[in-house]
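Trainee: Have a look at this one before I ask anything.
There are 2 protein chains.
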Amino acid sequence: MRTTITDVARHAGVSPSTVSHVLSGNRTISPETRARVQRSIRALNYRAHAGARSLRAGQTDVVGLVVPLQTCYYQRVLMPYVYGVTEAARAHGWNVMLLTATDGKAEIERAVYSNMVDGLVLMEVQLHDERVPLVAGLGRPAVLLGMPADPAGLAYVDFDFEAAANLCVEHLVGLGHRAIGFVGGPQSLYDSEISFALRTQTSVAARLSEHGLEFHGVAAEPNPAGVQLALRSLLDQTPELTGLIVKNEWSVDLIVDALNQLGRKVPRDTSVVVIAGQEVASQVSPALTYVRIPAEELGRAAVELLSTSSGDAPREGVLVPPELVRRGSDAPLVPAQSRS
Amino acid sequence: MRTTITDVARHAGVSPSTVSHVLSGNRTISPETRARVQRSIRALNYRAHAGARSLRAGQTDVVGLVVPLQTCYYQRVLMPYVYGVTEAARAHGWNVMLLTATDGKAEIERAVYSNMVDGLVLMEVQLHDERVPLVAGLGRPAVLLGMPADPAGLAYVDFDFEAAANLCVEHLVGLGHRAIGFVGGPQSLYDSEISFALRTQTSVAARLSEHGLEFHGVAAEPNPAGVQLALRSLLDQTPELTGLIVKNEWSVDLIVDALNQLGRKVPRDTSVVVIAGQEVASQVSPALTYVRIPAEELGRAAVELLSTSSGDAPREGVLVPPELVRRGSDAPLVPAQSRS
DNA sequence: GTGAAAGCGCTAACAA
DNA sequence: TTGTTAGCGCTTTCAC
Numbered sequence: 034m035r036t037t038i039t040d041v042a043r044h045a046g047v048s049p050s051t052v053s054h055v056l057s058g059n060r061t062i063s064p065e066t067r068a069r070v071q072r073s074i075r076a077l078n079y080r081a082h083a084g085a086r087s088l089r090a091g092q093t094d095v096v097g098l099v100v101p102l103q104t105c106y107y108q109r110v111l112m113p114y115v116y117g118v119t120e121a122a123r124a125h126g127w128n129v130m131l132l133t134a135t136d137g138k139a140e141i142e143r144a145v146y147s148n149m150v151d152g153l154v155l156m157e158v159q160l161h162d163e164r165v166p167l168v169a170g171l172g173r174p175a176v177l178l179g180m181p182a183d184p185a186g187l188a189y190v191d192f193d194f195e196a197a198a199n200l201c202v203e204h205l206v207g208l209g210h211r212a213i214g215f216v217g218g219p220q221s222l223y224d225s226e227i228s229f230a231l232r233t234q235t236s237v238a239a240r241l242s243e244h245g246l247e248f249h250g251v252a253a254e255p256n257p258a259g260v261q262l263a264l265r266s267l268l269d270q271t272p273e274l275t276g277l278i279v280k281n282e283w284s285v286d287l288i289v290d291a292l293n294q295l296g297r298k299v300p301r302d303t304s305v306v307v308i309a310g311q312e313v314a315s316q317v318s319p320a321l322t323y324v325r326i327p328a329e330e331l332g333r334a335a336v337e338l339l340s341t342s343s344g345d346a347p348r349e350g351v352l353v354p355p356e357l358v359r360r361g362s363d364a365p366l367v368p369a370q371s372r373s
Numbered sequence: 034m035r036t037t038i039t040d041v042a043r044h045a046g047v048s049p050s051t052v053s054h055v056l057s058g059n060r061t062i063s064p065e066t067r068a069r070v071q072r073s074i075r076a077l078n079y080r081a082h083a084g085a086r087s088l089r090a091g092q093t094d095v096v097g098l099v100v101p102l103q104t105c106y107y108q109r110v111l112m113p114y115v116y117g118v119t120e121a122a123r124a125h126g127w128n129v130m131l132l133t134a135t136d137g138k139a140e141i142e143r144a145v146y147s148n149m150v151d152g153l154v155l156m157e158v159q160l161h162d163e164r165v166p167l168v169a170g171l172g173r174p175a176v177l178l179g180m181p182a183d184p185a186g187l188a189y190v191d192f193d194f195e196a197a198a199n200l201c202v203e204h205l206v207g208l209g210h211r212a213i214g215f216v217g218g219p220q221s222l223y224d225s226e227i228s229f230a231l232r233t234q235t236s237v238a239a240r241l242s243e244h245g246l247e248f249h250g251v252a253a254e255p256n257p258a259g260v261q262l263a264l265r266s267l268l269d270q271t272p273e274l275t276g277l278i279v280k281n282e283w284s285v286d287l288i289v290d291a292l293n294q295l296g297r298k299v300p301r302d303t304s305v306v307v308i309a310g311q312e313v314a315s316q317v318s319p320a321l322t323y324v325r326i327p328a329e330e331l332g333r334a335a336v337e338l339l340s341t342s343s344g345d346a347p348r349e350g351v352l353v354p355p356e357l358v359r360r361g362s363d364a365p366l367v368p369a370q371s372r373s
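Rendered as structure tokens:
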């Protein structure tokens, strides 16, 4: 049998409402009574029934985390976001329910309409994401972890991939490079219009063009063969490339190898700058110059924003600015004829 | 205002109990009434209030997934398990609540005693895990995703790491290798007695000893420097090694490189066999001979086991047998003097 | 085949 | 400062 608030009340010799108020703290209780009740709570190991509480209070203290897990190979990138979200949620006294929306909208609707969650955090937001208008119409606090083309009045948090792309271009151009290539994620990311993938690529192209430079990009599938294929095709078509911007979590540990196999030394022949999460970038040897995606912080920020979005005012987005860390895979351009 | 069962009843011109029975299906309802009610449900977009239902029914249809996320660098390995668990849970009509037990037992107790979850799946089980006796005493269905020293009557699912270790040893011995080294996970895994880490290492040592061979093992920290350091120290102490068994998710993509840098070609000088999840092993170039850890299947199996553990009978464990896949990083031993 | 009504455990408005 | 009580939305026994 469950321990109920009535059990505690009986044990402490008070009424249930007194116990309730000791718990919630919104009534002045005499110190003695409070102490006695708390002792009983401890003694009986009492916890309020979450269902009853949510029925009565109309809120659950649960955040729904919507993660489309079907993109299997993307999983290793997702975990730090999840971690950030759950940590921040706990700090607010909230629990996290995993909504792996393979059926897309249905699961979200169910969770909200059946009052299982108070609010939502959406991960893996696409540029044109059908979940965004759906969630916007739900009338619940919701935060997008990723920037869509139209946030529909929802708050969002994202890494500033445009600025990151620009930073990479400026860095390489500043080192004298004029022929700069781009290695992007798997084609499927672009097909499904995953927000960051498109934004990064577009910005690289735009900023190169501002410098009067051409854009040379490839998509690389998430495996060794795919990366090698992509690199080869890129360098076959444009052998004069001396700078490489890489936004592809799966190629990071392969890129230097692949370049070596194509007869290019890093950074002597080719400078490489990577945009990636820390856990990816820091695994690699030799250390790569990179722009870190602060996944965990982004997850945290999403929950913080959620805690603010109870109001009805349409919320704006937050873009976290990038920072470039030099780690030795980049070097000033040396004219070909003067190389040792 | 929420849509309630009473709203639906009114809309359909029946009583709430009729609606309830249409939903649950445990009463014979005339086809016309059923159709009318279902139309109303559809029309009003009705979903039962999860809290009310759990209050009344005494169950939540929620599974608590206990993931100690604090071991940050371990995150990339965890996701496939999470995926398997959530998929299988959905198939049972269950939701998944993420319990990132940084405070260990407190969060588990809270979730159970406040009736937020019907059952538990524990990940990252340690050999002597304080959560195991705790959960065993909770009287709720629970499954361990990992084998502890004493399951305390709880069901568990795990990969058969002993068998995997044996398989690796036998394979290398079968190829003629007599000096075989072992590269294990970070020291912290052994310190916290993470079950699989200890079991693997112990089994490798035991099986080697059965063949009259010595055990030479190192722990490697999860970064390039750590792996190189570990390998160097291993090969400094035992330069005659020609076979290497690797159970370290972070070194997989570094091991061949590191061996090259130490002047050893794979598989000519050194044969390498890896125990790792697919998403790790398949990312590497050149392809490594490996024993795949079927993380997703293990997650699924845990939930299946949970669906069976409603009974009170103490449950037994399931060990999933390993399989070795040859991919080219191993070769028969060639005596040193006959090498080209 | 269907309806009325009690009660799951909790909170808060109302009483004292 | 504390107790009494109604009712959140649902299921299910009991009655018809």
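So the protein lines, in turn, are chains A and B. The numbering of the first sequence is my numbering, which starts it at 34 and goes up by one. The numbering of the second sequence is my numbering, which starts it at 34 and goes up by one. C-beta atoms are modelled at their ideal positions from N, C-alpha and C, and glycine is treated no differently. Keep in mind it's a predicted model, so treat the numbers as computed, not measured.
Hey, residue 175 of chain B and residue 205 of chain B are a contact pair by Cβ (cut 8 Å); roughly how many whole angstroms apart?
Mentor: Not confirmed; about 38 Å, so no contact.
Trainee: Against chain B, does residue 372 of chain A count as a neighbour if the rule is that its beta carbon must be under 9 Å from one of theirs?
Mentor: Residue placement at residue 372 of chain A is flagged as unreliable, the pLDDT there being 48, under the threshold of 50; a coordinate-derived value is accordingly withheld.
Trainee: From residue 199 of chain B to residue 237 of chain B, what does the alpha carbon distance come to, in whole angstroms?
Mentor: Spanning the two alpha carbons is a distance of roughly 6 Å.
Trainee: Following the continuous beta strand (DSSP E) through residue 325 of chain A, name the residue where it begins and the one where it ends.
Mentor: Run containing residue 325 of chain A: 322 to 326, per the beta strand (DSSP E) assignment.
Trainee: Can you check which of these residues, B:349, B:211, B:326 and B:161, is closest to residue 225 of chain B by C-alpha distance?
Mentor: It is B:161.
Trainee: Would you identify the three-state DSSP class for residue 361 of chain A, choosing helix, strand or coil?
Mentor: It is coil, neither helix nor strand.
Trainee: Tell me, please, whether the CB atom of residue 56 of chain A is closer than 9 Å to any CB atom in chain B?
Mentor: No, no contact with chain B.
Trainee: With 9 Å set as the bound, which would you pick, yes or no: does the beta-carbon of residue 86 of chain B sit closer than that to a beta-carbon of chain A?
Mentor: Yes, contact with chain A.
Trainee: With distances taken Cα to Cα, identify the nearest neighbour of residue 328 of chain B among B:247, B:310 and B:271.
Mentor: Nearest option by C-alpha distance: B:310.
Trainee: Go ahead and pull the three-state DSSP assignment for residue 223 of chain A.
Mentor: Helix.
Trainee: Beta-carbon of residue 128 of chain A versus every beta-carbon of chain B: anything under 9 Å?
Mentor: It does: the Cβ of residue 128 of chain A has a partner Cβ on chain B nearer than 9 Å.
Trainee: DSSP state of residue 373 of chain B, grouped into three classes?
Mentor: Residue placement at residue 373 of chain B is flagged as unreliable, the pLDDT there being 46, under the threshold of 50; the coordinate-derived value follows with that caveat. Correct three-state label for residue 373 of chain B: coil.
Trainee: Output the distance between the C-alpha atoms of residue 133 of chain B and residue 290 of chain B, rounded to the nearest integer angstrom.
Mentor: Whole-angstrom Cα-Cα distance: 35 Å.
Trainee: With a floor of 4 residues, list each alpha helix (DSSP H) that falls wholly inside the region 74 to 122 of chain A, ordered by position along the chain.
Mentor: Whole alpha helix (DSSP H) segments, 4+ residues: 83 to 90.
Trainee: Between the beta-carbon of residue 278 of chain A and the beta-carbon of residue 251 of chain A, is there less than 9 Å?
Mentor: No. Outside cutoff.
Trainee: Give the range of the alpha helix (DSSP H) segment to which residue 308 of chain A is assigned.
Mentor: Segment 304 to 310 is the beta strand (DSSP E) holding residue 308 of chain A; no alpha helix (DSSP H) there.
Trainee: Return the CA-CA distance between residue 366 of chain A and residue 292 of chain A, expressed in angstroms with no decimal places.
Mentor: Distance between the alpha carbons of residue 366 of chain A and residue 292 of chain A is about 17 Å.
Trainee: Assign residue 293 of chain B to one of three DSSP states: helix, strand, or coil.
Mentor: Residue 293 of chain B falls in the helix class under three-state DSSP.
Trainee: What distance in whole Å lies between the Cβ atoms of residue 41 of chain B and residue 77 of chain B, which are believed to be in contact at a cut-off of 8 Å?
Mentor: About 6 Å separates the two Cβ atoms, so the contact holds.
Trainee: Please decide whether residue 146 of chain B counts as near chain A, where near means a Cβ-Cβ distance under 9 Å.
Mentor: True, the Cβ-Cβ gap to chain A drops below 9 Å.
Trainee: Secondary structure at residue 40 of chain A, three-state DSSP: helix, strand or coil?
Mentor: It is helical.
Trainee: Rounding to the nearest angstrom, what Cα-Cα distance links residue 273 of chain B and residue 202 of chain B in this structure?
Mentor: Taking the straight line joining both Cα atoms gives about 17 Å.
Trainee: Mind checking which residues open and close the alpha helix (DSSP H) that includes residue 278 of chain B?
Mentor: From DSSP, residue 278 of chain B is part of no alpha helix (DSSP H) but of the beta strand (DSSP E) over 276 to 279.
Trainee: Look at the alpha carbon of residue 354 of chain A and the alpha carbon of residue 245 of chain A, and state the distance between them as a whole number of angstroms.
Mentor: Those two C-alpha atoms are separated by around 25 Å.
Trainee: In whole angstroms, what separates the C-alpha of residue 349 of chain A from that of residue 119 of chain A?
Mentor: Roughly 22 Å between the two C-alpha positions.
Trainee: Can you list, in chain order, the residues of its chain whose CB lies under 7 Å from that of residue 57 of chain A, leaving out five sequence neighbours each side?
Mentor: Same-chain partners within the cutoff: there are none.
Trainee: Could you have a look at residue 205 of chain A and say whether DSSP puts it in helix, strand or coil?
Mentor: Helix.
Trainee: Run the CB neighbour count on residue 298 of chain A, radius 10 Å, all protein chains shown included, and call it buried at 16 or more, exposed below.
Mentor: So residue 298 of chain A counts as exposed.
Trainee: To be precise: take each residue of the region 254 to 287 of chain A, compare its Cβ to all Cβ atoms of chain B, and keep it if any distance is under 9 Å. Which residues remain?
Mentor: Listed by position, the residues of the region 254 to 287 of chain A near chain B (Cβ gap below 9 Å) are 255, 256, 257, 258, 260, 261, 283, 286 and 287.
Trainee: With a Cβ-Cβ cutoff of 9 Å, do residue 129 of chain A and residue 179 of chain A count as a contact?
Mentor: Cβ distance not < 9 Å, so residue 129 of chain A and residue 179 of chain A don't count as in contact.
Trainee: Quick check on the DSSP output: the beta strand (DSSP E) that includes residue 215 of chain B runs from which residue to which?
Mentor: It spans 213 to 217 - the beta strand (DSSP E) in which residue 215 of chain B sits, taken as one unbroken run.
Trainee: Buried or exposed: residue 282 of chain A, going by 16 or more other Cβ atoms within 10 Å of its Cβ?
Mentor: So residue 282 of chain A counts as buried.
Trainee: With burial defined as no fewer than 16 other Cβ atoms inside 10 Å of the residue's Cβ, what is the status of residue 61 of chain B: buried or exposed?
Mentor: When all chains shown are included, residue 61 of chain B counts as exposed.
Trainee: Of all the beta strand (DSSP E) runs that stay within the bounds of the region 124 to 158 of chain A, which reach a length of 3 or more residues?
Mentor: With a minimum length of 3 residues, the continuous beta strand (DSSP E) runs that stay inside the region 124 to 158 of chain A are 128 to 132 and 152 to 156.
Trainee: State the DSSP-derived secondary structure class of residue 336 of chain A, mapped to helix, strand or coil.
Mentor: Three-state DSSP puts residue 336 of chain A in a helix.
Trainee: Helix, strand or coil, according to DSSP, for residue 252 of chain B in the structure here?
Mentor: In the structure shown, residue 252 of chain B sits in a strand (DSSP, three-state: E or B).
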